[in-house]
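Colleague: Dumping the structure here so I can ask a few things about it.
Numbering (full-length UniProt numbering), first residue to last: 1 to 365.
Here is the structure:
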């Protein structure tokens, strides 16, 4: 590590690095020291027992201390890099990762609105829309289908629209101020509807009926009751059984019902009452008959009413009630006849006939 000078009176250091007499590896740096030299590895390397330079794995050796928690440490020959996780970007010191505000820099893919979160973002939709499975796209909420059978968004027809819905009404109805309820138009209030002398206007749900009331032969119109006819002959000749069978009066009664009307928990919906004489010596027999039930030709699949849809029961002295016990489907027209046979002191005295017309409409409102 030393050599004598030219006079031989002094030892001088030999610079092995300068004279290239060292044995440092190619990637090592030779540093001269008095009487010797040393070999140094580049930054990021260390010398092993074989005097070779090997890479220092900073990611393993200094785990959790060289890169921020929002990144991945990647070892490289002689160094390392910090790769930021998705949703983060490299900060000022190349080691720190900071959140990317995707909502602010418009790198998001939201259909409607964006809310920034730590390392990501969340999409939200406007009212009337919901997030699709991709959590980015907004799809319309079909409120009409969603609430079908579970409530009444519309007392009418529900029409789905992008982000909302609207209620519309069929012909014969008008939309109420609440924009949800369809109100029936009472056509019978018009001056040009059913103005014939024998016409009786019945307002129905969504329409009207002009019922022509013509008294049959042998009967005349009751001046006090427009919908009643009385028999010309008040008394029948002795032995004239045919005359006695003819009702003393005919009444015409008109009703309108919505399609599929709900039956109360009692099991019956009362709608028509018939009363006979109140004399203590009088008794009355009631008989209900279904004359006709006819569904509209455009009403496919409508169950036509039968006698089993109706129930007749006594509700008091010489009094009976007609009730509906099964929901009626519409549109269809139904005609019933309720005959009242009257007895005085046990002897037949006469009868009255109530004709009942029921118009079931096609809508439930």
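By construction, the Cβ of each residue, glycine as well, lies at the ideal position given by its N, Cα and C atoms.
Roughly how many whole angstroms lie between the Cα atoms of residue 207 and residue 162?
Modeller: 32 Å
Colleague: Can you tell which of 220, 358, 325 and 300 has its C-alpha closest to the C-alpha of residue 205?
Modeller: 358
Colleague: In three-state DSSP terms, what is residue 186?
Modeller: coil
Colleague: Per DSSP, what are the beta-bridge partners of residue 337 in this structure?
Modeller: 289 and 355
Colleague: Note the first and the last residue of the continuous beta strand (DSSP E) segment covering residue 39.
Modeller: Start and end: 36-40.
Colleague: So, for residue 159: in the same chain, excluding its five sequence neighbours on each side, which residues have a beta-carbon less than 6 Å away from its beta-carbon?
Modeller: 166 and 168
Colleague: What is the residue span of the beta strand (DSSP E) that residue 320 lies within?
Modeller: 319-324
Colleague: Taking Cβ positions, are residue 329 and residue 260 nearer each other than 7 Å?
Modeller: yes
Colleague: CA-CA distance, residue 147 and residue 200?
Modeller: Near 40 Å, if we compare the C-alpha coordinates of residue 200 and residue 147.
Colleague: Indicate whether residue 97 and residue 70 have their beta-carbon atoms separated by less than 7 Å.
Modeller: Residue 97 is a Cβ neighbour of residue 70, given a cutoff of 7 Å.
Colleague: Go ahead and pull the three-state DSSP assignment for residue 146.
Modeller: helix
Colleague: Going along the chain, which unbroken runs of the beta strand (DSSP E) with 3 or more residues stay wholly within the UniProt domain "EGF-like" (99-139)?
Modeller: 113-117, 120-124 and 129-131
Colleague: So, are the CB atoms of residue 72 and residue 83 less than 7 Å apart?
Modeller: yes
Colleague: For residue 346 and residue 296, I'd like the C-alpha separation in whole angstroms.
Modeller: 45 Å
Colleague: Compare the C-alpha of residue 267 against each of 141, 164, 322 and 221 and name the closest.
Modeller: Selected option, being the one with the closest Cα: 322.
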